[in-house]
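Here the UniProt record's numbering is used: the first residue of the sequence shown is 1, the next is one more, and so on.
Here the structure is laid out as structure tokens; the discussion comes afterwards.
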Amino acid sequence: MAPRRVALCFLFRESTTGREVLLGLKRSGFGTGRIVALGGGIESGETPAEAAVREAAEEAGVVVGVADVKELGRVRWRFPAAPLLDMDAVIFTADRFSGEAVPSEEIDPAWYPVGAVPWEGMWEDAQRWLGHVLRDEPLDVTVTLNSDNATVRTAVFGEHTA
Numbered sequence: 001m002a003p004r005r006v007a008l009c010f011l012f013r014e015s016t017t018g019r020e021v022l023l024g025l026k027r028s029g030f031g032t033g034r035i036v037a038l039g040g041g042i043e044s045g046e047t048p049a050e051a052a053v054r055e056a057a058e059e060a061g062v063v064v065g066v067a068d069v070k071e072l073g074r075v076r077w078r079f080p081a082a083p084l085l086d087m088d089a090v091i092f093t094a095d096r097f098s099g100e101a102v103p104s105e106e107i108d109p110a111w112y113p114v115g116a117v118p119w120e121g122m123w124e125d126a127q128r129w130l131g132h133v134l135r136d137e138p139l140d141v142t143v144t145l146n147s148d149n150a151t152v153r154t155a156v157f158g159e160h161t162a
């Protein structure tokens, strides 16, 4: 079975204390209880960018235009002990959006300073690749998880080809 295609959308804003990123506490589904990015599956007939902006609206009530998202790279997750969990993600960022982030059934969104993201509440693999996103650096990484489906076996970076 092919990996699930997903799009992640990292929104950024400037505050009085500096640059912030919108993340959220996952309230339901895969990753419940963890701090995650906005995002989810790419639906049939939908481009990755369209999925990213749809997920931002559904999960946090924030409106982002397709023209306002920038493709930054790709993250592939491989779960050898549970291949049905495999995912291929297209990573998007945006600095332009409208509306205030509000909780949904799936996500309780919150803004975090880019220098103080809550690593302890996130999936372990985020420490391997999220820094690239926070620094607005292209990335192309394949993360392979251990048999516990949570800790990282390897994170292999390659060349990003947009």
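No residue lacks a Cβ here, since even glycine has one placed at the ideal position from N, Cα and C.
Quick caveat, the model's predicted, so the values are computed rather than measured.
With 16 other Cβ atoms within 10 Å as the buried cut-off, status of residue i
i             : result
alanine 2     : exposed
leucine 145   : buried
valine 69     : buried
tryptophan 77 : buried
arginine 74   : buried
residue 178   : In the structure displayed, the chain extends from 1 to 162; residue 178 sits before or after that span and is not available.
threonine 17  : exposed
proline 113   : exposed
arginine 54   : buried
Helix, strand or coil at residue i [DSSP, three-state]
i              : result
glutamate 106  : coil
tryptophan 123 : coil
Beta bridge counterpart(s) of residue i as assigned by DSSP
i           : result
alanine 150 : The partner list for alanine 150 (beta bridge, DSSP) is empty, contrary to what the question assumes.
Residue i versus the options, residue with shortest Cα-Cα distance
i             : options                        : result
valine 141    : Ala126, Asn149 and Ala150      : Ala126
glutamate 120 : Glu59, Glu105, Leu11 and Arg34 : Arg34
serine 104    : Thr151, Cys9 and Leu25         : Leu25
valine 62     : Glu46, Leu22, Met122 and Val6  : Leu22
residue 195   : Thr154, Arg96 and Val143       : Past the edges of the chain, shown from 1 to 162, lies residue 195, and the structure says nothing about it.
List in chain order: all unbroken alpha helix (DSSP H) runs of 4+ residues lying wholly within the UniProt domain "Nudix hydrolase" (2–139). Qualifying alpha helix (DSSP H) stretches, in chain order: 48–60 and 126–134.
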